[in-house]
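Residue numbers (the numbering used here): 107 to 197.
Virtual Cβ for every residue (Gly too), placed ideally from N, Cα, C.
All values reported here derive from a predicted model rather than from experimental measurement.
In what follows, a single structure is set out as C-alpha cells and then discussed.
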Amino acid sequence: PQVIAERPASVRLTRSIAKEHKQLLKQQLQFAGYRIGELYPRRTRRATAVNWLLAWLAERAEPLEEQGPLAPELPVPEDPVTGHPGDRAVA
Numbered sequence: 107p108q109v110i111a112e113r114p115a116s117v118r119l120t121r122s123i124a125k126e127h128k129q130l131l132k133q134q135l136q137f138a139g140y141r142i143g144e145l146y147p148r149r150t151r152r153a154t155a156v157n158w159l160l161a162w163l164a165e166r167a168e169p170l171e172e173q174g175p176l177a178p179e180l181p182v183p184e185d186p187v188t189g190h191p192g193d194r195a196v197a
C-alpha cells in the first residue's frame, strides 16, 4: 500500500496517532522495536501502520481481539528492502 511504499504517507500516518497511543505496539503486542541492523523503511512503516490500527481501536474503546482471521503467513523476504513479491517499491 501507499503508506508502506511512500515516506510522506507514512509520516502523515505517524503524525495522526495521538500522543497517548504512540506506545501501543509495546504495550499491547510487547514489540521491543528494531535493532540498528534491522531498520529498513518497509519494516518501520509496517510497524507504523499496525500502531495506527491499534490507536484506531483504542480511540473507539474497542479491544484488540486475541484471535481472528489472519492472512496467510509469508516467508521472511530474503531482501527486506524489496520485501515480498508484489510489494510496491519503497520511495
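Using beta-carbon positions only, say whether W162 and L119 come within less than 8 angstroms of one another.
no
Please return the same chain residues whose Cβ sits closer than 8 angstroms to the Cβ of A195, not counting the five positions on each side in sequence.
A111, T188
Would Y146 and P186 qualify as a contact pair, given that the criterion is a beta-carbon distance under 8 angstroms?
yes
Below 8 angstroms CB to CB, which residues in the same chain sit around V109 once its five sequence neighbours on both sides are set aside?
A115, S116, L119, R151, T154, A155
In terms of alpha-carbon separation, which member of P175, L176, H190 lies closest to V182?
H190
Between E126 and E172, what straight-line distance do the alpha-carbon atoms span, to the nearest angstrom?
22 angstroms
Grouping DSSP H, G and I as helix and E and B as strand, with all else coil, what is L160?
helix
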